[in-house]
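*Asks:* Taken in sequence, the protein lines are chains A and B. Residue numbers are given in the numbering used here: position 211 of the first sequence equals residue 916, and the series is strictly consecutive. Residue numbers are given in the numbering used here: position 49 of the second sequence equals residue 76, and the series is strictly consecutive. All C-beta atoms in this analysis are idealised placements derived from N, C-alpha and C, irrespective of residue type, glycine included.
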Amino acid sequence: MADKAILTGTYFMNGDYACCEGALAAGCRFFAGYPITPATEIAERMSRRLAELDGIFIQMEDELASMAAILGASWGGVKAMTSTSGPGFSLMMENIGLGICTETPCVVCNVQRAGPSTGLPTLVGQGDMMQARWGSHGHYEIIALAPSSPQEMFDFTVRAFNLSEQYRTPVIIMADEVVGHMTERVVIPRKEEIEVVARRKPDVPPGDYLPYRPDKDGIAPMANCGDGYRIHITGLTHNERGYPGMDAETQGQMVNRLIQKIAGNRDKIEQTNTMYLDDAEIVVVAYGISARSAKYAVYEARAGGIRAGLIKLDTVWPFPETLIRDIAVRVRALIMPEINAGQMVLELERCAGGACPVHLVSHLGGSVIHPDAILDAIENAGRSKVMKNKKPPVGRASRLSHKRRR
Amino acid sequence: MKANRKNREKLPPHPMDSLLRSERLPHIWCPGCGIGTVFGSIMAAIQKSGYNLDKIAVVSGIGCTARMAGYIRLDSFHTTHGRAIPFATGLKLAKPETKVLVISGDGDLLAIGGNHFIHAARRNIDITVICVNNLTYGMTGGQSAPSTPFGARTTTSITGCPEEPFNFCYLASACGAVYVARWTSLHIRRLTNSITEAMQKRGFSFIEILTPCPTSFGRRNKTGNALETLKFYHERTVSRNDIDPKEAPVDFGSKIVVGKFVDMERPTFMDNYQYMCKNQVGNRPALGETITPERQVT
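(1) Compile a chain-ordered list of the residues in the segment 1032–1043 of chain A whose CB is closer than 8 Å to at least one CB of chain B.
(2) Suppose you measure from the CA of Phe735 of chain A to the CA of Ala748 of chain A; what does that come to, to the nearest Å?
(3) Hey, is the segment 211–229 of chain B in contact with the segment 182–200 of chain B, meaning 3+ C-beta pairs nearer than 8 Å?
(4) Given this structure, state the Cα-to-Cα distance separating Thr64 of chain B from Ser103 of chain B, to the nearest angstrom.
(5) For the alpha helix (DSSP H) holding Ile974 of chain A, just list the boundary residues, first then last.
(6) Spatial neighbours of Ser771 of chain A within its chain, please: CB distance less than 8 Å, with the 5 preceding and 5 following residues excluded, ordered by chain position.
(7) Which residues of chain B have a Cβ atom closer than 9 Å to the Cβ of Pro949 of chain A, listed in chain order?
(8) Would you kindly report the start and end of the unbroken alpha helix (DSSP H) that includes Lys75 of chain B?
(9) Rounding to the nearest angstrom, what Cα-Cα distance links His105 of chain B and Cys930 of chain A in this structure?
(10) Quick one: is Lys709 of chain A near chain B, going by C-beta distance under 9 Å?
(11) Per the DSSP calculation, His214 of chain B is bridged to which residue(s)?
(12) Does the beta carbon of Ala138 of chain B sit closer than 9 Å to a beta carbon anywhere in chain A?
(13) Hey, does His146 of chain B have any beta-carbon neighbour from chain A nearer than 9 Å?
(14) Just reading off the beta strand (DSSP E) that Val156 of chain B is part of, what are its end residues?
(15) Have a look at Arg1030 of chain A and Ala1038 of chain A and give me their C-alpha separation to the nearest angstrom.
(16) Three-state secondary structure (DSSP) at His105 of chain B?
(17) Check the Cβ of Phe866 of chain A against every Cβ in chain B and list those closer than 9 Å, keeping chain order.
(18) When the cut-off is 9 Å and only beta carbons count, does Arg110 of chain B lie next to chain A?
(19) How would you label Pro39 of chain B, buried or exposed, when you count the other beta carbons within 10 angstroms and need 16 or more for buried?
(20) So, is the C-beta of Thr155 of chain B closer than 9 Å to a C-beta in chain E?
(21) Measuring only the C-alpha atoms, how far is Gly950 of chain A from Gln958 of chain A?
(22) Could you work out which residue in A:Asp984, A:Lys966, A:Tyr992 and A:Asp983 is closest to Thr977 of chain A when comparing CA atoms only?
(23) Is Lys906 of chain A buried or exposed, if buried means 16 or more other CB atoms sit within 10 Å of its CB?
(24) Only counting the same chain, and skipping five residues up and downstream in sequence, which positions put a Cβ closer than 8 Å to that of Leu915 of chain A?
(25) Excluding the 5 residues preceding and the 5 following Ala968 of chain A in the sequence, name in chain order all residues of the same chain whose CB lies nearer than 7 Å to its CB.
(26) Would DSSP call Cys814 of chain A helix, strand or coil?
(27) Output yes or no for whether 9 Å exceeds the beta carbon distance between Gly830 of chain A and Arg818 of chain A.
(28) What residue does the alpha helix (DSSP H) around Gly165 of chain B start on, and which one ends it?
(29) Step through the CB atoms of chain A and report whether any lies within less than 9 Å of the CB of Phe279 of chain B.
(30) Using the Cα positions of Met706 of chain A and Val901 of chain A, report the straight-line distance between them to the nearest angstrom.
(31) Going by beta carbon distance, what residues of the same chain come within less than 7 Å of Ser869 of chain A, once the five residues before and after it are set aside?
(32) Quick check on DSSP: helix, strand or coil for His943 of chain A?
(33) Once DSSP output is grouped into helix, strand and coil, what is the label at Met765 of chain A?
(34) So which of A:Val1066, A:Tyr716 and A:Pro911 has the shortest CA-CA distance to Ile936 of chain A?
(35) Quick one, which residues of the segment 770–801 of chain A are near chain B if we go by CB-CB under 9 Å, in chain order?
(36) With 9 Å set as the bound, which would you pick, yes or no: does the beta-carbon of Gly286 of chain B sit closer than that to a beta-carbon of chain A?
Quick look at the structure:
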């Protein structure tokens, strides 16, 4: 009998549903959530699918509770996720912080809509990118993926679970309304073709176990509740034993480790998808749905004789610093389209470090970026007299309006 | 303190040692605080309950009471302010064989966590919630809480609290809790029995315990020091089992009713969830149709 959890086959499926199937294929058996457009379809499908799979679906009273519940479920030894959009994502920040501090594997899918506040509930935005990075208080590192198609909603959700289990941290899927609601071909591979990672469990007797003593790779093995280790888990600054330590030294050690376990494994976490980089003079760096517009614009530019290239960010956090640094010194300009007033472009500027101009193609939300707007930016950058090695303007990237060609 | 540690090593083992993370002592609670007494009762109840200690988890939020999770040698989770109940909900549903105790204060469970409290009781999540009610926010220095008596002085109501407090037991009962009781930290024997009883219940059980907070509440009000508060409780409390908790207010002006108010059976969230999962999609029940989920065999 076929595995009911992995619906191997080819489907015409929307991104939200594909996210569910990715989660189930990765072994997710607990979902706690709260209805919110445009992520509701994830909760709806999970409620039906988890019932079939003897998993648990619970619709909580709000997103604060949803996030807390998936942390609890994760400590119960079950892979868990929630999904939401902007307003709910704001509420989840509190317990995303608890998840980071207590090193709890779980997945949060944010199907972004345009904000601030209630904003445009049914229309696309990419305005939560910095919130994903810095939204919870305190200093930490985060892993976030940005799918640009229903197929990637499946693939990246599987990867999000694997990363969360491997690095013991909440992983965020930064989808958006268009990717969530778009219906496209989705191929669900066979079970043996899907790599699934499980958290590493301690192999020492309970008396010797320290819940936060890392192995060589910087990650501590995780004992679940009920495994007999009698763990104490707290959101307070804690030592290797998990006990609170109210001093600067413990704080320094803990935060440093939380940062290093991700920053130190950047090369394994970061994933980009590039096009025409070898000879590119103008490189578009894009993520999520805007990467689809960017791809079209790059094809058009190439057809028009401009040597354009594309870096599609599959992982947005951690940001691929090394790749951007390497590229920035050998191109004429970097361009980033995003559906906000400029968030990831700040990272792009930082990593470019003044080696080349960085241009933003901004759209404030409500629709996707038209490829023509990106093409305009590519053409303008191509015409620009700014030469390599000449000191570019310091500070904010020059902004391009998103005027469309008629 | 070193001397104290040395002395402790010479002492015979404490009967609760197996349940204490004694390496974490001394604890943070003030002299006269009632939390220690409640902690003792909880540990005694756990010992009495006969549960496999590896299968009991304690979840707490933030506050003085919530620190209990850090001193008990069980799987213990000290979570965010107000979120102990939803965390416990996830834990319990993911690992149904675990007995989950939520131990936290009145502000944590019923102010910032009030919404989670009422919904967990409504769903009948199979957890035991122990609320230590010291009438104030102790850890932050004594601000008014949803339990602060009308007119009481706190640091945020220095001329008197202008709000009426909740009757937690009435609230829990109205939301569907299957076991509801109130005691004070003076009623050690009955409290311990009550916790043991609550732990045997399937469903959302709730125990409120009135305790003195001499440092943050008592010294600004007439209850005074811990001994005076306990004397006050001794004089003012009346025990009334099985009465409607609506008729059992915490009225400092006349009497404080303690006792076991609710003890009933009702299918848990898990019972109902598993029943509904087996149901056929498209089978539209008439509203009001009575269904009786099979009891989960444990």
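*Replies:* Considering the structure as presented:
(1) none
(2) Along the first sequence, read from residue 1 onward, the residue named residue 735 of chain A stands at position 30. Along the first sequence, read from residue 1 onward, the residue named residue 748 of chain A stands at position 43. Roughly 11 Å between the two C-alpha positions.
(3) Result no; under three Cβ-Cβ pairs closer than 8 Å.
(4) Looking up residue 64 of chain B in the second sequence gives position 37. Looking up residue 103 of chain B in the second sequence gives position 76. Each residue's alpha carbon lies about 19 Å from the other.
(5) One-based indexing of the first sequence puts residue 974 of chain A at position 269. Counting along the chain, the alpha helix (DSSP H) containing Ile974 of chain A begins and ends at Arg971 to Ile974.
(6) Position 66 of the first sequence holds residue 771 of chain A. Within the same chain, Ser771 of chain A has close Cβ partners Ala737, Gly738, Tyr739, Met765, Thr787, Thr789, Gly793 and Met797.
(7) As a working note, residue 949 of chain A is residue 244 in the first sequence. The contacting residues are Arg51, Arg94, Gly97 and His105.
(8) Working through the second sequence from its first residue, we reach residue 75 of chain B at position 48. Its alpha helix (DSSP H) spans residues Ile62 to Ser76.
(9) Here the question's residue 105 of chain B lines up with position 78 in the second sequence. Here the question's residue 930 of chain A lines up with position 225 in the first sequence. About 13 Å.
(10) For the purposes of this step, residue 709 of chain A is identified with residue 4 of the first sequence, where counting begins at 1. It does not: the Cβ of Lys709 of chain A has no partner Cβ on chain B nearer than 9 Å.
(11) Position 187 of the second sequence, counting from 1, holds the residue named residue 214 of chain B. His214 of chain B pairs with nothing; no bridge assigned.
(12) Position 111 of the second sequence holds residue 138 of chain B. No, no contact with chain A.
(13) Position 119 of the second sequence holds residue 146 of chain B. Cβ-Cβ to chain A under 9 Å: yes for His146 of chain B.
(14) Working through the second sequence from its first residue, we reach residue 156 of chain B at position 129. Thr155 to Asn160 is the span of the beta strand (DSSP E), which, as asked, contains Val156 of chain B.
(15) As a first step, residue 1030 of chain A must be located in the first sequence, where it is residue number 325. As a first step, residue 1038 of chain A must be located in the first sequence, where it is residue number 333. So the two alpha carbons sit approximately 12 Å from each other.
(16) On the second sequence, position 78 is the one that residue 105 of chain B refers to. In the structure shown, His105 of chain B sits in a strand (DSSP, three-state: E or B).
(17) For the purposes of this step, residue 866 of chain A is identified with residue 161 of the first sequence, where counting begins at 1. Under the 9 Å cutoff, chain B gives no residues; its nearest Cβ is about 15 Å from Phe866 of chain A.
(18) The residue labelled residue 110 of chain B in the question sits at position 83 within the second sequence. Under the 9 Å criterion on CB atoms, Arg110 of chain B is classed as interfacial with respect to chain A.
(19) Taking the first residue of the second sequence as 1, we reach residue 39 of chain B at position 12. Counting Cβ neighbours within 10 Å, Pro39 of chain B comes out exposed, since fewer than 16 surround it.
(20) Absent from the structure is chain E; the protein chains it does hold are A and B.
(21) Along the first sequence, read from residue 1 onward, the residue named residue 950 of chain A stands at position 245. Along the first sequence, read from residue 1 onward, the residue named residue 958 of chain A stands at position 253. Near 11 Å, if we compare the C-alpha coordinates of Gln958 of chain A and Gly950 of chain A.
(22) Start at 1 with the first residue of the first sequence, and residue 977 of chain A comes out as number 272. Closest option to Thr977 of chain A, Cα to Cα, is A:Tyr992.
(23) Position 201 of the first sequence, counting from 1, holds the residue named residue 906 of chain A. When all chains shown are included, Lys906 of chain A counts as exposed.
(24) Sequence index remark: in the first sequence, residue 915 of chain A carries index 210 (1-based). Counting only Cβ-Cβ distances below 8 Å, and skipping sequence neighbours, we find Ala925, Glu945, Arg946 and Gly947.
(25) Within the first sequence, numbered from 1, the residue matching residue 968 of chain A stands at position 263. Closer than 7 Å at the Cβ level, and outside the excluded window around Ala968 of chain A, lie Glu846 and Pro1023.
(26) Counting from one through the first sequence, the residue named residue 814 of chain A turns up at place 109. Residue state, collapsed to three classes: strand.
(27) Residue mapping note: residue 830 of chain A aligns to position 125 of the first sequence, counting from 1. Residue mapping note: residue 818 of chain A aligns to position 113 of the first sequence, counting from 1. Contact: yes.
(28) By 1-based counting over the second sequence, the position of residue 165 of chain B is 138. It is not in any alpha helix (DSSP H) - Gly165 of chain B carries neither H nor E in the DSSP assignment.
(29) In the second sequence, residue 279 of chain B corresponds to position 252, counting from 1. Closer than 9 Å to the CB of Phe279 of chain B there is not a single CB belonging to chain A.
(30) In the first sequence, counting from the first residue as 1, residue 706 of chain A sits at position 1. In the first sequence, counting from the first residue as 1, residue 901 of chain A sits at position 196. Summary for Met706 of chain A: the model assigns pLDDT 47, below 50, so the residue's position carries little reliability; its value from the coordinates is reported in the next sentence. Whole-angstrom Cα-Cα distance: 20 Å.
(31) Taking the first sequence and counting its residues from 1, one reaches residue 869 of chain A at position 164. Within the same chain, Pro810, Cys811, Val812, Pro875 and Val876 come within 7 Å of Ser869 of chain A by CB-CB distance, once the 5 residues on both sides are set aside.
(32) Taking the first sequence and counting its residues from 1, the one referred to as residue 943 of chain A is at position 238. His943 of chain A: strand per DSSP, three-state reduction.
(33) Along the first sequence, read from residue 1 onward, the residue named residue 765 of chain A stands at position 60. Met765 of chain A falls in the coil class under three-state DSSP.
(34) In the first sequence, counting from the first residue as 1, residue 936 of chain A sits at position 231. Ile936 of chain A has its Cα closest to that of A:Pro911, out of A:Val1066, A:Tyr716 and A:Pro911.
(35) Ala770, Ser771, Met772, Ala773, Ala774, Ile775, Leu776, Gly777, Ala778, Ser779, Trp780, Gly781, Gly782, Val783, Ala785, Glu799 and Asn800
(36) As a position in the second sequence, residue 286 of chain B is number 259, starting the count at 1. Gly286 of chain B does not count as touching chain A.
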